[in-house]
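Residues in the sequence shown are numbered from 5 upward in steps of one, following the working numbering.
By construction, the Cβ of each residue, glycine as well, lies at the ideal position given by its N, Cα and C atoms.
Just so you know, these numbers come straight off a predicted model, no measurement behind them.
Notes to accompany the following structure.
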Amino acid sequence: MTGRQERGGAQRRPGSSASGPAGGESGARGRGALRDAGGGAQRRRGASASGPAGSEAGAYGRGALRDAGGGAARWRSPAGEETVAGRPRVLVLRALGLGDLLAGVPALRALRRHFTGHDIVLAAPEGLRAAVAATETVTDLLPTTAPGRAVPSLAHWTGRPPEVAVDLHGNGPESHRALAELQPERLLSFAGAAASAGPGPVWRADEHERLRWCRFLAAYGIAADPGDLRLGPPQVRSPRPGAVVVHPGANAPARRWPARRYAEVIRTLLAEGHRVVVSGGPGDGEQVGEVVRLAGLGAREVVYGLPFADFSALVAHAVVFLSADTGPAHLAVAHGTPSVTLFGPVAPSLWGPPPDPRHTVLWEAGPPGEPNGGSVDPCLLAIRPDEVARAVLALAGSAPVTSEACRAG
Numbered sequence: 005m006t007g008r009q010e011r012g013g014a015q016r017r018p019g020s021s022a023s024g025p026a027g028g029e030s031g032a033r034g035r036g037a038l039r040d041a042g043g044g045a046q047r048r049r050g051a052s053a054s055g056p057a058g059s060e061a062g063a064y065g066r067g068a069l070r071d072a073g074g075g076a077a078r079w080r081s082p083a084g085e086e087t088v089a090g091r092p093r094v095l096v097l098r099a100l101g102l103g104d105l106l107a108g109v110p111a112l113r114a115l116r117r118h119f120t121g122h123d124i125v126l127a128a129p130e131g132l133r134a135a136v137a138a139t140e141t142v143t144d145l146l147p148t149t150a151p152g153r154a155v156p157s158l159a160h161w162t163g164r165p166p167e168v169a170v171d172l173h174g175n176g177p178e179s180h181r182a183l184a185e186l187q188p189e190r191l192l193s194f195a196g197a198a199a200s201a202g203p204g205p206v207w208r209a210d211e212h213e214r215l216r217w218c219r220f221l222a223a224y225g226i227a228a229d230p231g232d233l234r235l236g237p238p239q240v241r242s243p244r245p246g247a248v249v250v251h252p253g254a255n256a257p258a259r260r261w262p263a264r265r266y267a268e269v270i271r272t273l274l275a276e277g278h279r280v281v282v283s284g285g286p287g288d289g290e291q292v293g294e295v296v297r298l299a300g301l302g303a304r305e306v307v308y309g310l311p312f313a314d315f316s317a318l319v320a321h322a323v324v325f326l327s328a329d330t331g332p333a334h335l336a337v338a339h340g341t342p343s344v345t346l347f348g349p350v351a352p353s354l355w356g357p358p359p360d361p362r363h364t365v366l367w368e369a370g371p372p373g374e375p376n377g378g379s380v381d382p383c384l385l386a387i388r389p390d391e392v393a394r395a396v397l398a399l400a401g402s403a404p405v406t407s408e409a410c411r412a413g
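Spelled out as structure tokens, the structure:
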């Protein structure tokens, strides 16, 4: 959740989750898709890159899905400019999750602006293809795979070495080493143990994720605006517009607020006349089912396993978005949707939304917990349903916020 450290015993980021949208999605709905930088065969728009429905090529980008080593001599990139084959490339490693991607948008946009004569290639999971395209910051995706949140291999990079490699993944040394093995002309990274990492800026464990990467780039003379994090409007209609969206899942038990408490909040919202929809990703079936059962909701009030574009539209057109999962919560921030986010094992000062009255965080201060732990964090359990209901109603314009545990930013 806070900046990822790659050595043993260090804090790990839960930034995104299996509880978000069902992976990347087909370009058939949107304005094109990212090219594949991995050297694989070209895939047609809308063709699945892997597995189940919803894990297909990006719905938002404006470029053609193309092998970076061949294909058409000219194309239009997701950032909107016409590019020419054979241009120098910047490889950016941030092979993490949805929340990590969205928190890194200001840094990605800074790189896009700074390296105007380069193609920007992002090494990230294939399942994020549609979300990556939605940021309109990069030209190519280099799909990565790794167990858990480990640093992936980049051995499938093709063509000449990148002119610039940028480590937005962590503080090393594994991520430094993975990029250095490609022999880039220049490697931008935090100062680390790898001999090739160089004398980069110093890592700060207590720094907010969004600010960390902007400071990192500033140390290399690249100006970045931490407030430059909004996404454009979704290109599809929301499946349930005008509802309070409750997203109870998270990819670790430590960040799953109890189902009965979500249900209590939902019953309060329904009593106040609000429409409520419960959303969930592929790993959230049990939690979503329990919340729906306890709240007495029907099938019409459940949206489950949506492709990214549909999930993004659902969030963008919600009255309020409620979750303890910071991945989807970052999506609410990116769309300017009022949100209430519940924090437990990691402080919102490290992973919360920017100061904005539209975004409320609830957190009972306590010692740092294990964000990927196997039981609900005590700080998260300290948040009461009545506090959450008041916070949601306040943003929905129905009641004042009175809890001392509720604050914006």
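Counting along the chain, GLY284 sits inside no alpha helix (DSSP H); it lies in the beta strand (DSSP E) bounded by residues 280-284. Taking C-beta atoms as the reference points, PRO205 and ALA182 fail to come closer than 7 Å. Comparing alpha-carbon positions, the option among GLY293, PRO359, GLY277 and CYS383 lying closest to ALA328 turns out to be CYS383. Listed in chain order, the non-local C-beta contacts of ALA150 below 7 Å within the same chain comprise ALA99 and PRO156, local neighbours out to five positions each way being set aside.
CA-CA distance, GLU268 to HIS321, rounds to 23 Å. Shown here, PRO389 sits in a helix according to DSSP, grouped into three states.
HIS278 and GLU213 have their C-alpha atoms roughly 34 Å apart. Between the segment 128-138 and the segment 160-173, the count of Cβ pairs shorter than 8 Å is below three; the stretches do not touch. In the structure shown, the three-state DSSP call for SER316 is helix. Burial check for ALA154: the Cβ neighbour count within 10 Å stays below 16, so the residue is exposed.
Take PHE119, set aside five residues on each side of it, and the residues of its chain with a beta-carbon closer than 6 Å to its own are VAL94, in chain order. Excluding five sequence positions before and after TRP207, the CB atoms of its chain that fall closer than 6 Å to its own CB belong to ASN175 and PHE194, given in chain order. When the beta-carbon positions are compared, PRO352 and ALA258 stay at least 7 Å from each other.
In the DSSP assignment, ARG153 falls outside any beta strand (DSSP E) and carries neither an H nor an E. Distance from the CA atom of ILE270 to the CA atom of GLY302, rounded to whole angstroms, is 13 Å.
The distance from the Cβ of PRO332 to that of VAL319 is about 7 Å, consistent with a contact at the 8 Å cut-off.
When DSSP reads this structure, PRO230 sits in no beta bridge, so it has no partner. Under the three-state reduction of DSSP output, ASP123 falls in the strand class.
Here ALA398 is buried. Its C-beta has 16 or more other C-beta atoms within 10 Å.
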